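Just so it is clear: in the sequence shown, position 133 is 135 by my numbering, and no numbers are missing. To start, the structure itself, in structure tokens.
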Amino acid sequence: MVRVPFRAAADRVWHRLSQLVRPASRSRTAAPKASRATDRTGATGPAGPKAPRPAVPGDLAAPARSPWLRALGMLAVVVLGAWLGLLAVGSIRTPVGPMDTNMTLRPSLTGGSKINVAPLGALELDSHIAPLRLDVDVDRLDPERSQALVDQPERFSGLQDEVTRDVAAGTRELAVRSCVAVISGATALGLVVYRRPRRALAAGGLALTLLAASGVSAYATWNPKSVLEPKFSGLLSSAPSLVGDARSIVTEFDMYQQELARLVTNVTKLYDATSTLPVYQPDPGTIRALHVSDIHLNPAAWHIIASLVEQYEIDVIIDSGDTMDHGSAAENGFLDPIRDLGAPYVWVRGNHDSTVTQDYLEKFRNVRVLDDGKAVDVGGLRIAGTGDASFTPDRTGPGGNKAAAQLEGARLATALRDQERAGTPVDIAVAHDPNTARATDGTVPLVLSGHLHRRINEQLKLGTRLKVEGSTGGGGLRAVQNEKPEKVHASVLYLDRSTRRLQAWDEITLGGLGLTTAEVSRHLPEENLKKDSPGSPSPSPSSASSSPSATRSPGRPTPSP
3 MVRVPFRAAA DRVWHRLSQL VRPASRSRTA APKASRATDR TGATGPAGPK APRPAVPGDL
63 AAPARSPWLR ALGMLAVVVL GAWLGLLAVG SIRTPVGPMD TNMTLRPSLT GGSKINVAPL
123 GALELDSHIA PLRLDVDVDR LDPERSQALV DQPERFSGLQ DEVTRDVAAG TRELAVRSCV
183 AVISGATALG LVVYRRPRRA LAAGGLALTL LAASGVSAYA TWNPKSVLEP KFSGLLSSAP
243 SLVGDARSIV TEFDMYQQEL ARLVTNVTKL YDATSTLPVY QPDPGTIRAL HVSDIHLNPA
303 AWHIIASLVE QYEIDVIIDS GDTMDHGSAA ENGFLDPIRD LGAPYVWVRG NHDSTVTQDY
363 LEKFRNVRVL DDGKAVDVGG LRIAGTGDAS FTPDRTGPGG NKAAAQLEGA RLATALRDQE
423 RAGTPVDIAV AHDPNTARAT DGTVPLVLSG HLHRRINEQL KLGTRLKVEG STGGGGLRAV
483 QNEKPEKVHA SVLYLDRSTR RLQAWDEITL GGLGLTTAEV SRHLPEENLK KDSPGSPSPS
543 PSSASSSPSA TRSPGRPTPS P
């Protein structure tokens with residue numbers, strides 16, 4: 003007799019929990035049955051069925067809240083079931099040219115595509131915006147197919163069509179299998195949770211609807227030009243150093259299929275060259291400038307800069323200031339490694355740099371100190387700049403005197419106009435504070451600055467491009483005070499030697515203290531992207547863009563920043 007009350011209480015708890023995920027109609031139909039059973043038996047004691055309890059405000063089982071909870075429960079079941087279905091069977095193995103790959107659709111907040119080339123690293127593309135990401139894992143290189151390509155280079159000419167066919171076939175098969183996986187997973191989990199075929203089928207239908215909406219979103223936002231701005235990680239972060247002439251950067255990547263074929267070609271050759279990574283062969287048609295800023299007494303910055311100078315064959319280094327922390331004479335010895343960086347060094351004073359710092363640097367043979375709009379010819383470029391209007395070594399965050407910075411910018415703009423009138427126009431202007439740099443709009447094609455410890459790329463109203471660099475010193479010693487260490491930032495600028503105009507740039511990002519990660523992102527100016535439409539005819543690849551990946555240089559390993 004003691005079991006009866008406990009069993010009745012357990013039944014009531016189960017009834018309340020089931021109402022959160024099961025339809026209210028089942029609860030409503032259960033009540034009359036219980037009443038009829040009570041009428042037939044006439045039981046009124048603890049052992050007899052009880053009539054349904056009236057809804058109480060705030061009760062979780064109340065009908066006022068159950069539709070929302072049921073909808074959220076259904077959505078959770080569908081999403082979880084679809085995800086489990088994709089994990090279980092939502093991937094395919096398919097050959098792409100000489101490589102065996104594994105294609106998978108994964109849930110994602112941002113979408114895009116990721117190509118994993120173990121053990122070299124990964125390449126990410128902002129190919130689409132949808133809650134699904136395409137992962138392509140290069141599992142292995144088929145020895146027979148790859149050897150045939152290496153032995154017969156003429157076969158690379160037909161690789162584009164082969165890769166296009168392989169990718170199209172793999173994508174179709176992946177789409178069909180993903181549909182089956184999503185519907186099956188959502189339906190199966192719906193049947194387990196709701197225990198009713200109609201609700202399970204409803205879960206499968208909702209999953210199919212969500213998948214179709216994701217496909218429409220991916221199709222509507224598909225961006226074949228995303229291959230122009232890939233993000234490399236791991237050892238593949240060395241790949242952008244393989245670019246040739248700056249004009250080739252703009253014109254060689256005009257069709258997605260061609261770039262995909264070229265990627266397969268390069269990966270094939272990278273696998274073949276197992277002992278070393280390919281080394282860039284210098285091309286006289288490109289000027290490479292390395293933009294650094296806000297080193298803040300971090301000695302590791304000099305090793306990073308030296309490595310980038312060697313790896314990218316840098317023609318000139320441009321430092322937009324805040325090399326020091328306090329600008330004292332005792333800090334001057336920190337600047338001595340600049341003499342051995344292997345490239346001319348252009349420098350402007352930051353708000354943490356003093357005139358003492360400036361005087362010390364002016365004694366270095368390879369350093370060009372710019373102030374008060376002074377212009378110099380270095381590395382094939384004409385560069386002008388000015389020091390920061392304020393000296394605030396004790397300030398710990400961005401800010402400063404905006405009015406003074408703008409006034410200094412007006413003076414720099416005047417100097418730039420004077421250079422234009424004299425027939426010696428300036429290619430790049432440099433100022434530490436972005437407020438100073440913005441005042442030069444319309445007087446120079448490109449202006450560089452720092453100060454904010456974060457990157458900004460902006461096309462100003464009158465046509466000048468403003469590029470603000472992050473901290474190449476990872477915030478310096480003060481970075482240890484932050485919850486997370488700042489990352490190390492630098493950029494390689496590619497400029498045409500004849501026009502001195504910016505053609506592309508690589509944003510280099512290294513992990514903070516410890517430097518455990520490395521990323522290189524390729525970017526092109528908007529005007530070059532417009533000219534480089536996917537429908538335009540493709541020029542034949544130049545040797546500068548296609549052959550370096552096959553070059554082996556055992557005597558010179560690729561430096562690691």
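We treat Cβ as the ideally placed atom computed from N, Cα and C, and that holds for glycine. All figures in this text were calculated on a predicted structure; none of them were measured in a lab.
query                                                                                                                                                                 : result
Let me know the secondary structure DSSP gives Thr103 once reduced to three states.                                                                                   : strand
Please state whether DSSP places Ala332 in a helix, a strand or coil.                                                                                                 : helix
Alpha carbon to alpha carbon, how far is Thr96 from Asp379?                                                                                                           : 54 Å
Which residues in the same chain as Pro346 place their Cβ atom closer than 6 Å to its Cβ, once the five residues preceding and following it in sequence are excluded? : Val318, Asn368, Val380, Gly381
Report the partner residues of Trp507 according to the DSSP bridge assignment.                                                                                        : Leu495, His525
What residues in its chain sit with their C-beta under 7 Å from that of Val91, if we drop five residues either side in the sequence?                                  : Arg179, Ala183
Along the beta strand (DSSP E) that carries Asn459, what are the first and last residues, could you check?                                                            : 458 to 461
So Ser115 is in the alpha helix (DSSP H); what residue range does that whole segment cover?                                                                           : Taken as a continuous stretch (DSSP letters only), Ser115 belongs to no alpha helix (DSSP H), being part of the beta strand (DSSP E) at 115 to 119.
Give me the residue from His354, Gln313, Val348, Gly344 with the minimum Cα distance to Ser330.                                                                       : His354
How many Å lie between Phe336 and His453 at the Cα?                                                                                                                   : 20 Å
Does the contact criterion of 3 or more C-beta pairs under 8 Å hold for the region 438 to 451 versus the region 460 to 479?                                           : yes
Quick check: Val371 and Gly344, are their CB atoms within less than 8 Å of each other?                                                                                : no
Just how far apart, CA to CA, sit Ala214 and Glu164?                                                                                                                  : 29 Å
For the alpha helix (DSSP H) holding Leu77, just list the boundary residues, first then last.                                                                         : 68 to 91
Compute the Euclidean distance between the alpha carbons of Glu471 and Glu460, then round it to the nearest angstrom.                                                 : 12 Å
What would DSSP say about Asp1, mapped onto helix, strand or coil?                                                                                                    : Any property of residue 1 remains undetermined from this structure, which presents the chain solely from 3 to 563.
Once the 5 residues before and after Thr416 are set aside, which same chain residues still bring their CB inside 8 Å of it?                                           : Gly375
Cβ of His491 within 8 Å of Cβ of Arg457?                                                                                                                              : yes
What are the boundary residues of the beta strand (DSSP E) that Arg467 is part of?                                                                                    : 467 to 470
If you draw a straight line from the alpha carbon of Leu71 to that of Ala78, how long is it in whole angstroms?                                                       : 10 Å
According to DSSP, simplified to helix, strand and coil, what is Pro34?                                                                                               : Confidence in Pro34 is poor, its pLDDT being 48 and thus under 50, which makes the residue's placement too unreliable to answer from.
Comparing C-alpha positions only, which one of Pro436, Phe366, Met326 sits nearest to Ala405?                                                                         : Pro436
Is it buried or exposed for His293, if we count other Cβ within 10 angstroms and need 16 for buried?                                                                  : buried
Examine the Cβ distances between the region 194 to 212 and the region 103 to 123 and report whether three or more of them are shorter than 8 Å.                       : no
Spatial neighbours of Ala132 within its chain, please: C-beta separation below 6 Å, excluding the five flanking residues on both sides.                               : Gly113, Ser216, Ser219, Ala220
Check Ser228 in the structure and name its three-state DSSP category.                                                                                                 : helix
Starting from Ala431, trace the beta strand (DSSP E) both ways and give me its first and last residue.                                                                : 430 to 433
Give the DSSP bridge partners of Pro199, in chain order.                                                                                                              : Pro199 is not bridged to any residue.
So is Tyr282 buried or exposed if we call it buried at 16+ other beta carbons inside 10 Å?                                                                            : Confidence in Tyr282 is poor, its pLDDT being 33 and thus under 50, which makes the residue's placement too unreliable to answer from.
Measure from the alpha carbon of Ile320 to the alpha carbon of each residue in Asp296, Gly83, Asn300, Gln313, then state which is nearest.                            : Asp296
Less than 8 Å separating the beta-carbons of Val140 and Thr189?                                                                                                       : no
Nearest by alpha-carbon distance to Pro395: which of Thr325, Asp420, Arg423 is it?                                                                                    : Thr325
Taking the C-alpha atoms as reference points, what is the distance between Asp338 and Thr173?                                                                         : 56 Å
Quick check: Gly389 and Gln360, are their CB atoms within less than 8 Å of each other?                                                                                : yes
Considering just the uninterrupted stretch of the beta strand (DSSP E) at Val350, what are its terminal residues?                                                     : 347 to 350
Using the Cβ count rule (16 or more neighbours within 10 Å means buried), how would you classify Gly475?                                                              : buried
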